[in-house]
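Let me begin by presenting the structure, written as C-alpha cells, before commenting on it.
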Amino acid sequence: MELTGAQMVWECLIREGVDVVFGYPGGSIIDTYDAMIDYPIRHVLVRHEQGAAHAADGYARSTGKVGVCIATSGPGATNLVTGIATAYMDSVPMVAITGQVSTAVLGRDGFQETDITGITLPITKHNFLVSEISELPQAFIEAFHIARTGRPGPVLIDLPRNVAMSKAEFSYPDKVDLPGYRPTQRGNVRQLRMAAELLNAAARPLIIAGGGVNRAGAFEALAALAEKYRAPVAMTLLGIGGFPQSHPRSLGFMGMHGAASANMAVDKADLVLAVGMRFSDRVTGKASAWAPNAKIVHIDVDPAEVGKNVAPTVPIVGDANLVLQQLLPLVQPCEFEPWWSLIDEWRQEERSRDILKHETEELLPPFVVSRISALTEGQAMMVSDVGQNQMWEAQYYSHDLPRSLCTSGGLGTMGYGIPAAMGVQVGNPDKQVWMVAGDGGTQMTLNQWGTIAQEKLPIKMAILNNGYLGMVRQWQQMFFSSRYAATPIGSPDFVRLAEAYGIPGLIVTTREEVDDAIRAAIAHPGPFIIEFRVKGEENVYPMVPAGQTVREMIRRPLPSERCLPEEAK
1356 MELTGAQMVW
1366 ECLIREGVDV
1376 VFGYPGGSII
1386 DTYDAMIDYP
1396 IRHVLVRHEQ
1406 GAAHAADGYA
1416 RSTGKVGVCI
1426 ATSGPGATNL
1436 VTGIATAYMD
1446 SVPMVAITGQ
1456 VSTAVLGRDG
1466 FQETDITGIT
1476 LPITKHNFLV
1486 SEISELPQAF
1496 IEAFHIARTG
1506 RPGPVLIDLP
1516 RNVAMSKAEF
1526 SYPDKVDLPG
1536 YRPTQRGNVR
1546 QLRMAAELLN
1556 AAARPLIIAG
1566 GGVNRAGAFE
1576 ALAALAEKYR
1586 APVAMTLLGI
1596 GGFPQSHPRS
1606 LGFMGMHGAA
1616 SANMAVDKAD
1626 LVLAVGMRFS
1636 DRVTGKASAW
1646 APNAKIVHID
1656 VDPAEVGKNV
1666 APTVPIVGDA
1676 NLVLQQLLPL
1686 VQPCEFEPWW
1696 SLIDEWRQEE
1706 RSRDILKHET
1716 EELLPPFVVS
1726 RISALTEGQA
1736 MMVSDVGQNQ
1746 MWEAQYYSHD
1756 LPRSLCTSGG
1766 LGTMGYGIPA
1776 AMGVQVGNPD
1786 KQVWMVAGDG
1796 GTQMTLNQWG
1806 TIAQEKLPIK
1816 MAILNNGYLG
1826 MVRQWQQMFF
1836 SSRYAATPIG
1846 SPDFVRLAEA
1856 YGIPGLIVTT
1866 REEVDDAIRA
1876 AIAHPGPFII
1886 EFRVKGEENV
1896 YPMVPAGQTV
1906 REMIRRPLPS
1916 ERCLPEEAK
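Just so you know, we're using this note's numbering here: the sequence shown kicks off at 1356 and counts up by one.
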C-alpha cells in the first residue's frame, strides 16, 4: 500500500506494539501529527517536551516495554535532551521521534533547525536521520530492536518534513540484520564454572542486584539463587525492586546513602556477586578501596562495563536473567552462620540509629514516607524525584514488587518525578501510583499537572516541602560550614495551585494529620496532592562523603552523641 512518510511512522509504531506516545506538536512534525488521528495510538499531550521524554522513561521502566516520545524540530527536539540523557544513563529502552526541516534546507540554519542527531550522539545507543522515505521502515525496526536488546537505551529518529510528506509503497521488514550488533545473551560456560567455584568456597559472600536485574526481568532467577545459596542480597538504587526488601536475606539498598549494614557487608565480604551494576561512584565511593577483601564476579550484558570502574576476578558477559539461570545449578547451598551473625549485629546497630525509633513531635520526611509505605501496604508503584526525597523514599518505602520504583539514578535529574509518574500511571492504569518529590524538584515540572488533569491520571503526589534545596543544603551544612548559598527556596501554596488545575489536595503540618491525609489521597479516584511541610534541616543518614570509603560513612548520631562535635560522631 502507498503511504506518506507520516503515515508510515504510525504503521511502524503499531507493528512494534506501541499503544501510547508522549509528545508535543510543532511545525516540522505537523504532518506526522495530522496522520496520527487515523491510527489507534493514544497520544498524551505534555506541557513541555522534557516531560515527554521523562514520561516515556517512566512508562518503559515500569512496564519493561519501549517508551516513545515525539517532538518537533529545534527547541522541541533539544527539550528532549535531558530526558534522553536520563534514559541513557539508566539503560531505559526508549525511541524518540523528532521532526526536522526539509532535507533541501538542512545545514542552512533554517527556522527551528538543530542538528539533533549530532547533539544526541553521546547520549543515545544509536540515532537515525531519515533522508529518504524508503529508509523509514528499516530505521524504525532497527531503532526498536536496538533500544530493547542487549543493554537497553534510547534511540532517536530524526524525520525531515519532506520525507514525512513524501509517498511510497510501505512494507515493514520481517527481521533485523545488524552484523555489527550482536549482544551476548548467555554466559560463557567456563566463566560460569569459575564463578561457581568462588561462590562455593566463600565464607562471607554478598550478592548485589543492580539496575540490570530490573531491566532483564531477572527477579525470579535472583530470588531462586539467593534462596538456594543463602547469601545476603543488597541493591543499588536502581536495583531496588529486583529483590524483595522485606525478605530476611535483604540488606536493603547500598551506597552513598544506603543501609549501613549493606555498606559494611561490602567492606567485609570475601566475595561479591555483582549482577547488572556498573560500579558507579555513588555505590563504590573510593573505587580503589571498595570491597577490599573480596573477589568479584561481575555479570553484565554490556562488555564495556566489565572492568571499567572495578576489576572483576571473574567477568561474565550476558543477560542477567539467563546467566543467573545458568549459574543456579552450579551453586551449592551454604549456611554462612558466622557471617549472618555479624550482619545481624550491624542491623541491630542500624536500627538503634533509625530516626523513627526516637521520640519527636517534629514532622520528619522519613516518617511521612514510612506511613505511605504502611498505608499502601507496599503495593504502590513509586516514583521519586532527586535529592533527599529520593533517598528517604529508597530507605523507608518497602519495595517488594519488581520495577516498583522509578527514579533518575545516573543523571540525577531534578524534575523527573512528576512527568515520570505520568508514564508509570499510563503504563499501569490499574495500579496505585505515588510520586514523592521535594519543593525544588516539584517546581521544575509542576506544569505537567495540566497533563495529569487533562488525562485524568489518578497519581498521588507527596511533596516534602522543607524550604530548601535539601541535598545541596545538607552538603553545605556538612562540608561548607553551613554557608547556605542559593539553597533556601520559596514555594507557592502547592494545594491552591493544584486546585487551579482541578486537582484537590491537603496541607499537612503535624504528625497526627499524616495518616488521614494519605488515606484521603488513596480514597480519591483522581489525582491528589499532599504538601507535607516537614522539618527544614533534616539530613539523610548514613552518608559516605564523596571519594571516601564506606568505612568513613557519617552515621546518624545516637541521642547520647548529639552534643558531640560532628567529627566525633
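Glycine residues also receive a C-beta, built at the ideal position from the N, C-alpha and C atoms.
Considering Cα atoms alone, identify which of V1905, L1913, I1909 is closest to A1623.
Inspection of the sequence shows that residue 1623 is occupied by Lys rather than by Ala. K1623 has its Cα closest to that of V1905, out of V1905, L1913, I1909.
Name the two residues that bound the continuous alpha helix (DSSP H) containing W1789.
Element bounds for W1789: not the alpha helix (DSSP H) but the beta strand (DSSP E), 1788–1793.
Could you give the residue range of the alpha helix (DSSP H) that holds D1389?
1385–1391
At 4 residues or longer, and completely inside the region 1582–1642: list those alpha helix (DSSP H) runs for me, N to C.
1615–1623, 1636–1639
Check the C-beta distance from I1671 over to V1627 and give it rounded, since I have them as a contact under 8 Å.
Not really, about 13 Å apart at Cβ, beyond 8 Å.
Would you kindly report the start and end of the unbroken beta strand (DSSP E) that includes G1778?
From DSSP, G1778 is part of no beta strand (DSSP E) but of the alpha helix (DSSP H) over 1772–1782.
Length-filtered (4 minimum) alpha helix (DSSP H) runs lying within the region 1471–1506:
1471–1475, 1491–1503
Would V1544 be called buried (16 or more neighbouring beta carbons within 10 Å of its own) or exposed?
Around the Cβ of V1544, a 10 Å sphere holds fewer than 16 other Cβ atoms; the residue is exposed.
Measure the CB-CB distance between H1398 and G1378 and report whether it falls below 8 Å.
yes
Start and end of the alpha helix (DSSP H) containing I1844?
I1844 -> no alpha helix (DSSP H), and no H or E assigned at all.
Q1362 burial status per 10 Å Cβ neighbour count (16 or more: buried)
buried
Going by DSSP in three states, P1920 sits in which element: helix, strand or coil?
Residue placement at P1920 is poorly supported in this model, since its pLDDT is 49, which falls under 50; the coordinates still yield a value, given next. Coil, per DSSP.
Three-state secondary structure (DSSP) at N1820?
strand
Please report the distance separating the alpha-carbon of A1776 from that of V1423.
Cα-Cα distance, rounded: 15 Å.
I1818 vs A1792 beta-carbon contact at 8 Å:
yes
On the DSSP letters alone, give me the boundaries of the beta strand (DSSP E) that M1908 sits inside.
No beta strand (DSSP E) holds M1908; DSSP gives it neither H nor E.
Indicate the three-state DSSP secondary structure (helix, strand or coil) for Q1734 in the structure shown.
coil
For E1717, count the other beta carbons within 10 Å of its own beta carbon; 16 or more makes it buried, fewer makes it exposed. Which is it?
Counting Cβ neighbours within 10 Å, E1717 comes out exposed, since fewer than 16 surround it.
Segment limits, alpha helix (DSSP H) that includes V1544:
1544–1556
So, for G1822: in the same chain, excluding its five sequence neighbours on each side, which residues have a beta-carbon less than 6 Å away from its beta-carbon?
G1891
Kindly indicate which three-state DSSP category D1674 falls into: helix, strand or coil?
Residue state, collapsed to three classes: coil.
If you check the beta carbons only, do I1698 and P1515 fall under 8 Å apart?
no
CB-CB length for I1384 against A1426, believed under 8 Å:
With a contact defined as Cβ atoms closer than 8 Å, I1384 and A1426 qualify at about 7 Å.
Pull up the distance between the alpha-carbon of E1366 and that of M1736, whole angstroms please.
31 Å
So is N1820 buried or exposed if we call it buried at 16+ other beta carbons inside 10 Å?
Label assigned to N1820: buried.
Among residues of its own chain, excluding the 5 on either side of T1668, which ones have a beta-carbon nearer than 6 Å to its beta-carbon?
K1650, I1651
V1364: buried (16+ other C-beta within 10 angstroms of its C-beta) or exposed?
Taking a 10 Å sphere around the C-beta of V1364, we find 16 or more other C-beta atoms and assign the residue as buried.
Using the three-state DSSP reduction, which class does G1567 fall into: helix, strand or coil?
helix
Taking only the alpha-carbon atoms, compute the straight-line gap between A1749 and I1595 and give it to the nearest angstrom.
Taking C-alpha positions only, A1749 is separated from I1595 by approximately 8 Å.
Just list the residues that DSSP pairs T1455 with in beta bridges.
This sequence places Gln at residue 1455; Thr is not what is there. Answer is P1515, bridged to Q1455.
Reduced DSSP category for E1886 - H, G, I as helix; E, B as strand; rest coil:
Three-state result, E1886: strand.
Out of K1530, A1576, I1478, which one is the CA nearest neighbour of E1371?
K1530
If we ignore side chains and look at the alpha-carbon of each, how far apart do A1407 and R1506 end up?
Cα to Cα, A1407 sits roughly 22 Å from R1506.
Reference P1448, options L1461, G1566, E1487, closest by Cα:
G1566
With DSSP as the reference, label L1697 as helix, strand or coil.
helix
Compute the Euclidean distance between the alpha carbons of I1727 and I1877, then round it to the nearest angstrom.
Answer to the nearest angstrom: the Cα atoms are 10 Å apart.
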